[in-house]
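To keep things clear, I will list the structure first and then write my remarks on it.
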Amino acid sequence: MQTRKPKLAVWKFASCDGCQLSLLDCEDELLAIAGRIDIANFVEASRAVVKGPYDISLVEGSITTPHDAERIHEIRRQSKTLVTIGACATSGGIQALRNFADVKEFISIVYARPDYISTLAKSTPIADHVFVDFELRGCPVNKMQLLEVITAFLAGRKPNTPPHAVCMECKRRGIVCVMVAHGTPCLGPVTHAGCGALCPAFDRGCYGCFGPKETPNTSSLTTWMGHILHMTKPDMLRAFRSYNAGAEAFRKESEQHQEKMDGQEMTKIGERSRA
Amino acid sequence: MGVTNSYRIMPTKTIKVDYLARVEGEGALFLKIKDGVVADVKLKIFEPPRFFEAFLRGRDFRETPDITARICGICPIAYQMSAVHAVEDACGVKVDGQLRALRRLIYCGEWIESHTLHIYMLHAPDFLGYESAIHMAKDHAAIVQRGLQIKKAGNEIVSTFGGREVHPINVRVGGFYKLPARSEIAPLIERLKWGRDAALETVKWAATLTFPDFEQDYEFVALRHPEEYPFNEGRLVSNRGLDIAAREFDAHFTEEHVEHSNALHAVINGRGSYFVGPMARFNLNFDRLSPLAQQAARDAGLNGVCRNPFRSIIVRAIEVLWCFDEALRILENYERPNRPFVEVTPRAGTGYAATEAPRGLLYHRYQLDETGQILDAKIVPPTSQNQKTIEDDLRRFVPPRVDLPTEELKWQCEQAIRNYDPCISCATHFLKLHIDNESVPPGCQIPIF
């Protein structure tokens, strides 16, 4: 019988810290978690670092520097199970907007001395670099889902985080459809569940912060958005190019609208994203 | 804390910490000690750049609160508040009445959760000698539990009015998407009444901690409002005569790009480093605190002035107490407005706003075209404003303490940095502590590792 407590590590790459903060936001559960598992490496919360290997590693953030592209391999080597948490780690995050632009120009907009900055041209998810055992979606992750994932791995079972659309959660909550009833554009039909249909519950359209659901029909949705809701192409481009811009289904859909735009609109967007 | 030097030759040591813990983000400190004097100090920020100001160009003005929230998972409301106020300034809209009050309310929630996270989970373990709050909970379970429950109460304000704790979805340019009925907030009011009592206990407890003697002469910069303790409005003032509107920020402050940091260093033109955050607000706005918070401050030994950053844990506790007072005042007068937002029509122009994030002044500037697309954006977060001051503190803090055992000195330096609750994710990010002692006579090297 195993008496040793399983060892958990939390790692950070390019991100806002919000997903690992979700663990500290489990105010009622945190001390119980600490009783069951050894929080061996969680630098945001503790000076004490226990050496690897670790039973479970939670990885937040995307790969954006040459150093980080090396570091993730070392973390993989030390981790029995590696779980990525949040949009940055699973799709490249909002910083993947650089993938559609020239990063050198981005650097010169923000920094006076571009030569001091070391960064990669693209922001990429962890799974582009190492094998990932499980991806938990969301910008930020839902803390109850985070607890479910940790619990599931400790129990040796598959986490219960359904990959269907936000629409399913919305219907279950009995929320009136914001798109059908109010004409509000909503990415719910193509977005991965997990938030509990938060935005529709607040009378706003889903903006896709959990990224694409499995098998999303994005082109059908944009046909609706264009024909029925009269959304412009730049608006549709922006809708798919946000917190999960690098996720394949959203990236492809956004590129559709870039290609379809007429010359004038292309110039406008191009100028502004580069200016 | 006086440290006697029993050595003739100033000792030389090399101290290195690979990753400064209990701060938000990734940073390092490089400290070079030469003959007992700090020869060089660099707060290195390795947090990878994410280029928000660049990719905001071409985005729609209504996207600013959601996009800029992603700069920081700990203080997303601060970014949302600075963003909406700057955009509304550009569009010539002023949000008033209940909507204005609710923006203060949701900010109260963020200050409570962010400050309480720092007080109990990041800073207190330094004073009591624990590696983390989880280690601390083994001996002080009731205190840690109290901290977690106070933090939870702050998060409940944010999730009730914002939808969720991290990256709330209910804040929009012009107000909110949807607001709760008065009947729905009754349980929250009860919880906040408990929180106010617990916050008072926090102030009393924080005052019993032991503080090193480290009073410094800083230039404090914070907002000041005619009647209120500041959140979203007021003039930028300092104890050295600064008194300007938010739109004059660029004329008085400069961001410098230094090689060792991915965060820009802000300085006041002609004067250099300055201090933003709870201690600056407290010193410049003591008279705007509620009577309860003022009395608690006096009882804790702070009569309106605090110049020792180690005591900032008490100041944060006082601000948390005040936030509960203010949140209850707002909720007791709460009536759901007829509409949760006012219409904002874009126009060509530039808008400016400075609001008080938990860690201090947060400045946003947006230039819009006539359709509301962003042409240019500038964001100055609090931690980049404090970076130089943190370095200055270490320069003064270390010399009298160079004889301390290495581990102790290392830990005290970390604590001196944590005094500022630095959010490196905001300022960009990675704290590594590296103290390098050089130029000692041969043979006097004390290899530490």
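Those protein sequences? They're chains U and A, same order as listed.
Under our numbering, read the first sequence as residues 1 to 275, first letter to last.
Under our numbering, read the second sequence as residues 1001 to 1449, first letter to last.
Even for Gly, the Cβ is constructed at its ideal location relative to N, Cα and C.
- For A/D1243, the closest alpha carbon among the candidates A/E1227, A/E1255, A/L1223 and A/P1212 is that of A/L1223.
- For A/M1279, same chain residues with a beta-carbon under 6 Å away, outside a window of 5 residues either side, are C1306, S1312 and V1315 in chain order.
- Neighbours of U/P6 in chain A, taken as residues at a C-beta separation under 8 Å, are lacking, since the least C-beta distance is about 15 Å.
- If you draw a 10 Å sphere on the C-beta of U/M144, you find fewer than 16 other C-beta atoms in it, and that means exposed.
- Your pair U/A201 and U/R173 checks out as a contact, with CB atoms roughly 7 Å apart and the cut at 8 Å.
- Look at U/E60 here: in three-state DSSP terms it is strand.
- Contact annotation for U/A45 against chain A: A1021, R1022, M1121, L1122, S1132, A1133 and I1134 [CB-CB distance below 9 Å, chain order].
- Between U/K5 and U/I33, the C-beta gap is not smaller than 7 Å, which leaves the two residues out of contact.
- The residues T1068, A1069 and I1071, in chain order, have a CB closer than 6 Å to that of A/Y1079 in the same chain once the five nearest residues on each side in sequence are set aside.
- The C-alpha of A/R1336 is placed about 13 Å away from the C-alpha of A/G1175.
- Out of U/L21, U/V180, U/N160 and U/I228, the CA that lies nearest to the CA of U/C167 is found in U/V180.
- The beta carbon of A/E1113 sits closer than 6 Å to the beta carbons of K1151, G1154 and N1155 from its chain, once the five residues preceding and following it are set aside; these are given in chain order.
- Of the candidates A/T1208, A/N1232 and A/R1100, A/N1232 places its Cα closest to the Cα of A/A1357.
- Contact note: U/T124 does not reach chain A at a C-beta cutoff of 9 Å; the least C-beta distance is about 12 Å.
- Interface with chain A (7 Å Cβ-Cβ cutoff): U/D203 is included.
- For A/C1091, the three-state secondary structure derived from DSSP is helix.
- The bridge partners DSSP lists for U/K7 are U/D38.
- According to the DSSP assignment, A/Q1098 belongs to no beta strand (DSSP E) but to the alpha helix (DSSP H) extending over G1097 to T1116.
- Taking a cut-off of 8 Å on C-beta distances, the stretch 1270 to 1284 of chain A does not touch the stretch 1163 to 1178 of chain A, as fewer than three cross pairs fall below it.
- When C-alpha distances from U/R137 are compared across U/E70, U/P185 and U/V149, the shortest belongs to U/V149.
- Of the other Cβ atoms in all chains shown, 16 or more fall within 10 Å of the Cβ of U/N142; this residue is therefore buried.
- Rounded to the nearest angstrom, the Cβ distance from U/A249 to U/T218 is 6 Å, consistent with a contact under 8 Å.
- Within chain A, the residues whose beta carbon sits less than 7 Å from that of U/A112 are H1257, listed in sequence order.
- An exposed status is given to U/G183, since fewer than 16 other beta-carbon atoms sit within 10 Å of its beta-carbon.
- Contact annotation, A/A1266 with A/E1255: C-beta distance approximately 5 Å; criterion of less than 8 Å satisfied.
- Residue state for A/I1313 is assigned as helix, using DSSP reduced to three classes.
- U/Y116 and A/L1375 have their C-alpha atoms roughly 25 Å apart.
- In the structure shown, A/F1324 adopts helical secondary structure according to DSSP, grouped into three states.
- A/G1277 and U/G196 have their C-alpha atoms some 35 Å from each other.
- In the DSSP assignment, A/A1353 is bridged to A/H1364.
- DSSP, reduced to helix, strand and coil, places A/R1235 within a strand of the structure shown.
- For A/K1388, no CB of chain U lies under 7 Å from its own CB, so it is not counted at the interface with that chain.
- Under the Cβ criterion of 7 Å, U/Y54 is not counted among the residues facing chain A.
- Under the DSSP assignment, A/R1395 falls in the alpha helix (DSSP H) whose first and last residues are P1382 to F1397.
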